[in-house]
Amino acid sequence: MPRRLLERPRSLALLVGCQFAFVAYFSLGGFRSLTSLFGRVSGPVFDYSRTHDVYANLSRLLPRERAPPDPARPLPFCPQRSPFLVGPLTVTFSRVPTLEQIQAKNPAVQEGGRYQPPGCEPRSRTAIIIPHRNRETHLGHLLYYLHPFLQRQQLQYGIYVVHQAGNSTFNRAKLLNVGVKEALKDEEWDCLFLHDVDLIPENDHNLYTCDPWNPKHVSVAMNKFGYSLPYPQYFGGVSALTPDQYMKINGFPNEYWGWGGEDDDIATRVRLAGMKIARPPVSIGHYKMVKHKSDKGNEENPHRLFDLLIRTQRMWTQDGMNSLSYVLLAKHLHPLYTNLTVDIGTDPRAARRPPAPGHEGQRHRSSTSLFREEMLPAAPVPPWPGPRSSARTRLLPASPIGTVSVSRDWYQDPAQSRPRCSP
Numbered sequence: 092m093p094r095r096l097l098e099r100p101r102s103l104a105l106l107v108g109c110q111f112a113f114v115a116y117f118s119l120g121g122f123r124s125l126t127s128l129f130g131r132v133s134g135p136v137f138d139y140s141r142t143h144d145v146y147a148n149l150s151r152l153l154p155r156e157r158a159p160p161d162p163a164r165p166l167p168f169c170p171q172r173s174p175f176l177v178g179p180l181t182v183t184f185s186r187v188p189t190l191e192q193i194q195a196k197n198p199a200v201q202e203g204g205r206y207q208p209p210g211c212e213p214r215s216r217t218a219i220i221i222p223h224r225n226r227e228t229h230l231g232h233l234l235y236y237l238h239p240f241l242q243r244q245q246l247q248y249g250i251y252v253v254h255q256a257g258n259s260t261f262n263r264a265k266l267l268n269v270g271v272k273e274a275l276k277d278e279e280w281d282c283l284f285l286h287d288v289d290l291i292p293e294n295d296h297n298l299y300t301c302d303p304w305n306p307k308h309v310s311v312a313m314n315k316f317g318y319s320l321p322y323p324q325y326f327g328g329v330s331a332l333t334p335d336q337y338m339k340i341n342g343f344p345n346e347y348w349g350w351g352g353e354d355d356d357i358a359t360r361v362r363l364a365g366m367k368i369a370r371p372p373v374s375i376g377h378y379k380m381v382k383h384k385s386d387k388g389n390e391e392n393p394h395r396l397f398d399l400l401i402r403t404q405r406m407w408t409q410d411g412m413n414s415l416s417y418v419l420l421a422k423h424l425h426p427l428y429t430n431l432t433v434d435i436g437t438d439p440r441a442a443r444r445p446p447a448p449g450h451e452g453q454r455h456r457s458s459t460s461l462f463r464e465e466m467l468p469a470a471p472v473p474p475w476p477g478p479r480s481s482a483r484t485r486l487l488p489a490s491p492i493g494t495v496s497v498s499r500d501w502y503q504d505p506a507q508s509r510p511r512c513s514p
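In this text, residue positions in the sequence shown follow this note's numbering: the first is 92, and each later residue adds one.
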């Protein structure tokens with residue numbers, strides 16, 4: 092009987108149509124939509140039509156004058172769930188706040204973007220690492236919302252902005268590796284949050300803490316993708332790993348110059364390292380993206396699909412933290428964040444462009460020299476004591492002590508017993 096039904100054209104067309112509808116529904120909604128169809132709820136329900144000001148009642152978190160702490164009576168731990176959480180937040184980009192305005196609204200934040208909750212011992216020490224270049228407007232929006240967002244969660248945290256110097260192709264993953272290495276020199280952080288500068292969290296129940304067992308992908312519902320996960324292995328936007336998890340996957344790849352590809356590489360590394368991707372519920376992991384045009388110097392990576400992603404399974408233990416090299420040009424503790432200016436080199440795959448007319452024979456200048464020429468004042472040339480040579484002489488300015496340092500060392504191999512940075 093079933094065989095006769097399948098032989099009929101109408102039955103066959105109905106079967107094909109049902110299969111197509113199921114595949115389309117599964118692709119758009121994923122498992123979460125499928126389970127909700129049968130009455131299962133994947134997480135708490137929030138009404139995003141009723142949002143709250145992220146700065147509302149923030150004065151309750153300010154430290155009060157108390158007696159000096161008694162070493163014999165340590166502070167109690169902060170509660171598992173902070174009582175200052177309000178849920179969905181109002182996020183708008185109509186005005187760009189200045190750094191001075193943000194600083195005035197966050198008086199408890201210390202130099203370098205550091206914060207520690209008053210009156211209790213934090214349950215997590217989280218480092219926020221933000222790759223950056225030419226995104227000052229986006230950085231202002233992120234700092235405006237992120238500081239009170241984290242304070243409401245009663246976390247001890249620090250914010251690091253890793254700025255790529257020069258005009259070479261942008262490399263997000265390598266900048267994150269640099270930020271992790273430099274942050275671990277400052278403190279033994281419990282959790283590393285790798286955060287795009289243009290994504291703003293919309294719910295303070297989205298805790299910026301790590302999963303103890305698996306790397307966590309946090310930005311599961313962005314407005315760019317209709318507040319849904321674009322595909323199951325997506326790992327872009329905002330992610331969180333413990334230092335041990337980060338070293339277990341050998342960090343992020345260093346060879347992804349330009350836009351795209353590194354997120355899928357990282358998801359593959361997680362699987363190859365024997366771990367899974369953890370995620371918060373879609374109802375919590377809401378993010379709003381700051382609209383922007385494509386960046387010059389961050390064009391789509393042409394090698395990301397047919398070359399780099401194919402070699403991930405073979406090269407992931409060799410390309411990452413154990414092969415990282417860079418030059419730390421400056422480290423500056425701003426009132427709201429720690430700025431790291433670094434030279435990470437140039438894309439070795441980039442085709443050499445012909446020199447501009449009139450510039451034939453001139454040597455290529457690295458991003459280090461471009462940064463020094465742009466940011467550091469040129470020292471005056473002293474009077475020449477003897478007869479001048481026909482060649483022109485120019486003295487490079489000396490590096491200010493405590494401002495510019497050089498670091499071109501190699502990170503410890505992940506196979507070693509203690510994969511930590513030594514300060």
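Cβ coordinates follow ideal geometry from the N, Cα and C atoms, glycine included.
The structure displayed is predicted, hence computed values, not measured ones.
- About 7 Å separates the beta carbon of S259 from that of D438, a gap short enough to meet the 8 Å contact definition.
- Taking A199 as the centre and dropping the five residues before and after it, the same chain places the C-beta of L152, L153, P154, Y206, P209, Q242 closer than 8 Å to its C-beta, in chain order.
- If you draw a straight line from the Cα of W407 to the Cα of D354, it comes to about 13 Å.
- Scanning its chain for C-beta atoms nearer than 6 Å, with the 5 sequence neighbours on each side dropped, one finds around I221 the residues V252, H286, V288, in chain order.
- When the Cα atoms are used, F326 and R164 turn out to be separated by approximately 43 Å.
- Bridge pairing for D434: V418 [DSSP].
- Residue nearest to L332 within the set L267, Y318, K276 is L267 (criterion: CA-CA distance).
- When secondary structure is reduced to three states using DSSP, F240 falls in the helix class.
- Ranked by how close their Cα comes to the Cα of N341, the residues I375, W304, P179, L363 have L363 in first place.
- Looking from the CA of K265, the closest CA among E212, N413, P426 belongs to N413.
- In the three-state scheme derived from DSSP, where H, G and I count as helix and E and B as strand, Q192 is classed as helix.
- Counting only runs of 4+ residues, the alpha helix (DSSP H) found wholly inside the stretch 260-336 occupies 263-277, in chain order.
- When DSSP states are grouped into helix, strand and coil, L230 belongs to the helix group.
- Each of G328, K379, K315, A312 was checked against the Cα of T181, and the nearest Cα belongs to K379.
- DSSP places A218 inside the beta strand (DSSP E), whose first and last residues are 216-223.
- Minimum Cα-Cα distance from V311 among the listed residues E227, Y322, L419, W304 corresponds to Y322.
- The alpha-carbon separation between F316 and V361 amounts to approximately 23 Å.
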